[in-house]
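Note that our numbering has the sequence shown beginning at 9, numbered continuously upward. The beta-carbon is built from N, C-alpha and C at its ideal position, and this holds for glycine as well.
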Amino acid sequence: MTVTVADTVADTVADTLAGAVAETAASSGPRVFITGASSGIGAALAVRYARDGATIGLFARRETALRELAASLPSSSQHRIYAGDVCDHAALAAAAHDFIAHAGGIDIVIANAGISHGTLTEVAEDLPVFEAIIATNVTATVATFAPFIEAMREQGHGTLVGIASVAGVRGLPGGGGYSASKAAVVTYCEALRLEMRRHGIRVVTIAPGYIDTPMTRQNKYHMPFLMAPERFADRAVRAIGGGVRYRVIPWQMGVVAKLLRWLPDALYDLAFARAPRKARKSAP
């Protein structure tokens, strides 16, 4: 089943709930809400959970892409699509309340939506780009989780999943905005994990390496251990269900991440000062 709650309808929680389906979904799998679900990692996660018969909330900006994804999901799963921007926090809250009402609760929330652009501090035109990266990758993660926490507390269980990145382990030249945003996701999720523990709510941080998505295809440099999104999704779903707190996928990039943490600053500077840079959104 696919029910669209468009932005224009999702101005308020009341408006959205008025359009909700009254009955609880009959699906026997987990109830999963995913942002950034129209392509890449988000779409792959939706397909993977659908194989388990999940009831899935799909949130992204591109309604046409969401409809195409929903049409490809097996009939054993149920789904609702929400066309909206994660920076529209009212729309996120409306979608969350609608999904909880439809599914009869919530098991897993995956804050996956994100953007990536190169940024340079000395270029004035890049400041709005930096702000957009933080708003989408960090603030929207908070706004994605927030409306689900009350329902999870009442249930006494639930899992919040933040999608970070290996790029958040250490700063990369020309990628300060993206690296900072993903480092923030890691530390925010760690803090939230401690806060939610007494409520029976798990918080999981997944840090992808290079995954073959529309976002990474913008990179004009070699990407070691590049992984297909389907393989990533399979490993991520197993990690989320397996009780981990933090996981780098693929494992090879986990080794790289540990080495980067241990590398003395002087050596890191020598090794990475001239590293390839992300493409900037705007030219100086």
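For G113, the closest C-alpha among the options S36, P216, V212 and A215 is that of S36. Selection A45, L267 and G251 evaluated against H165 yields G251 as nearest (Cα-Cα). The continuous beta strand (DSSP E) containing G166 extends over residues G166 to I171. Proximity of the region 57–64 to the region 99–106 falls short of the contact definition, fewer than three beta-carbon pairs being nearer than 8 Å. Contact annotation: S46 and A68 have beta-carbon atoms nearer than 8 Å. Exposure of A274 is indicated by the presence of fewer than 16 other C-beta atoms within 10 angstroms of its C-beta.
A Cβ-Cβ contact shorter than 8 Å links A151 with V94. Rounded to whole angstroms, the separation of the alpha carbons of R70 and L77 is 11 Å.
Listed as beta-bridge partners of A215 by DSSP are V256.
Looking at the DSSP output, V40 shares a beta bridge with I64 and I116.
If you check the CB distance, I89 and V40 do not come in under 8 Å.
Sixteen is the threshold: when 16 or more other Cβ atoms of the shown chains lie within 10 Å of the Cβ of V177, as they do, the residue is buried.
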